[in-house]
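These notes are about the structure you will find just below.
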Amino acid sequence: MDDEERERVKYLRDYLWKRLEEEIEDIKLNGPEERHPANLNVTIRYVEGEAVVIQLDLLGVSVTTGSACFSRKLEASYVLRAMGVPYEDAHGSLRFGISRFTTEKEIDEAVSRLKEVVERLRKISPLGRKE
Amino acid sequence: MKTPYSQKVIEHFLNPRNAGKIENPDAKASEGSPACGDMVRVYLKVNPQTLVIEDIKFESFGCASNIATASMATEMVRGKTLEEAKKISWKDVVDALGGLPPVKVHCAVLAVDAIKRAIENYEHTHGILKEKKPTDKEVIRERLEHVIDPAAGMDVIRVGTVKDYEIKDGVVTVYLNIPAQRDFASHIKEEIEETLSPLWDVKEVRVIFSSRD
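First to last, the sequence lines map onto chains C and Y. For the first sequence, numbering that gives the first Met the number 0 gives the first residue as 0, with consecutive numbering after it. For the second sequence, numbering that gives the first Met the number 0 gives the first residue as 0, with consecutive numbering after it.
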């Protein structure tokens, strides 16, 4: 990745995080601010990662998760655990990849589909309900 | 993406039956824990004359198979009597879904366990237990083994969150090894109260935290 590309990808990654924060409540960033420009790892509370990944995939958005349910060994991501992320948050983690071909419009689309999926899953979650 | 699930599982996952909550249920029960990435809660409405399950709803924090198995299991027991519902096994639920990947079979176990525990709670609180076994330490331990300490991702007995417990004149006291200020302390207290208070001869549940240090 050359400098120019790095800057562009980093800009898009930051744009993605800004949009996620604006659109989805109870979301947090995993890992430090200084990170690989093409990577964003977040936790969306009260929903489980595998469920989000499959629903998003059906809507044409590809992400991955550190949830135990997504791994063959049924163990939460050891990377997130080693970073001190609690089990509960690892299960709700999502990792986004950005490439040189990603556009802002695609990010907007992905965020709006994710929002839809999260709302649907939170509706049936026993956690985090505001009475 | 190729998922390891059958069409039927995906269909129930995307359009779950009986998802939601019943206000003022006749009984409820939870199994699993957010720390395990797998939790299901079941609510029941039962006709007191016929003992038919008139309404059942579930909430799930879990993966696709957790949601799909809870959807199918609740669908299978709805309209059945409590006795009929108790006969439905996790295997029946897996078969009805056209199979599950081996690592996901525990989701069906969790859903069926939650339903059975809710039925059991109904029997306790509505005086229709066949055998009124007095609550002893064994009964308490069995129930506490279903309460997960989210900090450890294991049950409170196994991980040692619970120091001791006793029952005297219908009052259950559970002594914890953690102070009230620790993370998830109030969550653990609520879960312990929720699982022990339906027992037919339990009048009160007290959860005692350790002192600060």
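Note that beta-carbon positions come from the ideal geometry of N, C-alpha and C, so glycine has one too.
Handout entry: Cross-chain neighbours of Ala113/Y in chain C, by beta carbon under 8 Å
Key = Within chain C, no residue has its beta carbon less than 8 Å from that of Ala113/Y; the closest one is some 11 Å off.
Practice task
Taking Leu79/C as part of the alpha helix (DSSP H), name the residues at either end of that continuous run.
Solution key: Residues 77-81.
Problem - Residue-level contact to chain Y via CB, Asp56/C, 7 Å cutoff - result: yes
Exercise for the section: Please list, in chain order, all residues of the same chain as Lys27/C whose beta carbon is under 8 Å from its beta carbon, the five residues on each side excluded. Expected result: Excluding its 5 nearest sequence neighbours in each direction, Lys27/C has C-beta neighbours in its own chain below 8 Å: Val41, Thr42, Arg44, Asp88, listed in chain order.
Exercise for the section: Please check if any C-beta of chain C sits within less than 7 Å of the C-beta of Glu58/Y. Expected result: yes
Exercise for the section: Report the neighbours of Leu93/C on chain Y: residues whose CB is nearer than 8 Å to its CB, in chain order. Expected result: Near Leu93/C there are no residues of chain Y at all, since even the closest Cβ is about 13 Å away, more than 8 Å.
Practice task
Determine, using beta carbons only, whether Leu126/C comes closer than 7 Å to chain Y.
Solution key: yes
Exercise for the section: Grab me the residues of Lys129/C's own chain with a C-beta within less than 6 Å of its C-beta, minus the 5 sequence neighbours each way, in chain order. Expected result: For Lys129/C, the pLDDT reaches just 47, beneath the cut-off of 50, and the residue's location in the model is therefore unreliable, although a value from the coordinates is still provided. So the list is empty, once near-sequence residues are dropped.
Problem - Glu4/Y to Pro101/Y span [Cα, whole Å] - result: Inspection of the sequence shows that residue 4/Y is occupied by Tyr rather than by Glu. Going from the Cα of Tyr4/Y to the Cα of Pro101/Y covers about 11 Å.
Problem - Sufficient close CB pairs (3 or more, under 8 Å) joining the stretch 83-102 of chain Y to the stretch 26-40 of chain Y - result: no
Exercise for the section: Can you pull the chain Y residues whose beta carbon is under 8 Å from the beta carbon of Leu113/C, in chain order? Expected result: Here the premise fails: no neighbours, minimum Cβ distance about 16 Å.
Practice task
Kindly indicate which three-state DSSP category Ala5/Y falls into: helix, strand or coil?
Solution key: Sequence check: residue 5/Y is Ser here, not Ala. In this structure, Ser5/Y counts as coil in the three-state DSSP scheme.
Exercise for the section: Using three-state DSSP, classify Val102/Y as helix, strand or coil. Expected result: In this structure, Val102/Y counts as helix in the three-state DSSP scheme.
Problem - Option nearest Leu93/C by Cα separation, candidates Thr102/C, Val78/C, Phe100/C, Glu105/C - result: The residue among Thr102/C, Val78/C, Phe100/C, Glu105/C with its C-alpha nearest the C-alpha of Leu93/C is Val78/C.
Practice task
Using the DSSP secondary-structure output, state which residues sit across from Arg94/C in a beta bridge.
Solution key: Asn40/C, Thr63/C
Practice task
Per DSSP, which residues does Glu165/Y bridge with? Please list them.
Solution key: Thr172/Y
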